[in-house]
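A short worksheet on the structure shown next.
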Amino acid sequence: MIDEVTAVEGAPDVTDQVGTKQGLSKEQVDLLQTCVEEAPITRLMNVAGRSNRTKFRAAVLNPLLDSGLIEMTQPDSPRSPTQKYRLTALGKQILAKNKG
Numbered sequence: 000m001i002d003e004v005t006a007v008e009g010a011p012d013v014t015d016q017v018g019t020k021q022g023l024s025k026e027q028v029d030l031l032q033t034c035v036e037e038a039p040i041t042r043l044m045n046v047a048g049r050s051n052r053t054k055f056r057a058a059v060l061n062p063l064l065d066s067g068l069i070e071m072t073q074p075d076s077p078r079s080p081t082q083k084y085r086l087t088a089l090g091k092q093i094l095a096k097n098k099g
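When the sequence shown is numbered by numbering that gives the first Met the number 0, its final residue is 99 and no position is left out of the sequence of numbers.
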């Protein structure tokens, strides 16, 4: 079931790659909830039930990054083995609206 996301002022349009323009998929909401605390890509892949890192980045992670919902802890080193991902302020707003 796709939960509806209430529009947040300043929020970018959420494209098909990040759910639909009306909402996020359950997988995306689960990933946002995981990113409340900093999380490595391996943990995010486990939450999403994915095993192919390249496909996960392209289909799931990059759209969330591009939409400004999550961010890298080390943006200058995107492929660093210690790279983690966390929720942005916008991601927190959308997650809060999605829960309510």
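For every residue, glycine included, the Cβ atom is placed at its ideal position computed from N, Cα and C.
{"Check": "Just verifying my parser: in three-state terms, what is the DSSP assignment at leucine 68?", "Outcome": "coil"}
{"Check": "Between which two residues does the alpha helix (DSSP H) harbouring arginine 49 extend?", "Outcome": "It is not in any alpha helix (DSSP H) - arginine 49 carries neither H nor E in the DSSP assignment."}
{"Check": "Considering only the beta carbon of each residue, do glutamate 113 and threonine 87 sit closer than 9 Å?", "Outcome": "The shown model of the chain, from 0 to 99, leaves out residue 113, and the question about it has no answer."}
{"Check": "Kindly indicate which residue of Gln32, Leu30, Lys25, Pro39 has the alpha-carbon position closest to the one of lysine 83.", "Outcome": "Pro39"}
{"Check": "Give the DSSP-derived three-state secondary structure of arginine 42 in the structure shown.", "Outcome": "helix"}
{"Check": "Just to confirm my understanding: we take lysine 25, look at its own chain, exclude 5 residues before and 5 after, and list those with CB closer than 6 Å. What are they?", "Outcome": "none"}
{"Check": "If you count every other CB in all the chains shown that lies within 10 Å of the CB of threonine 41, and 16 or more means buried, which is it?", "Outcome": "exposed"}
{"Check": "For my contact list, glycine 90 and leucine 68 are in at a C-beta cut-off of 8 Å; report their separation, rounded to the angstrom.", "Outcome": "4 Å"}
{"Check": "Quick one: residues in its chain with C-beta nearer than 8 Å to the C-beta of glutamate 37, no 5 flanking neighbours on either side, listed in chain order?", "Outcome": "Thr72, Lys83, Tyr84, Arg85"}
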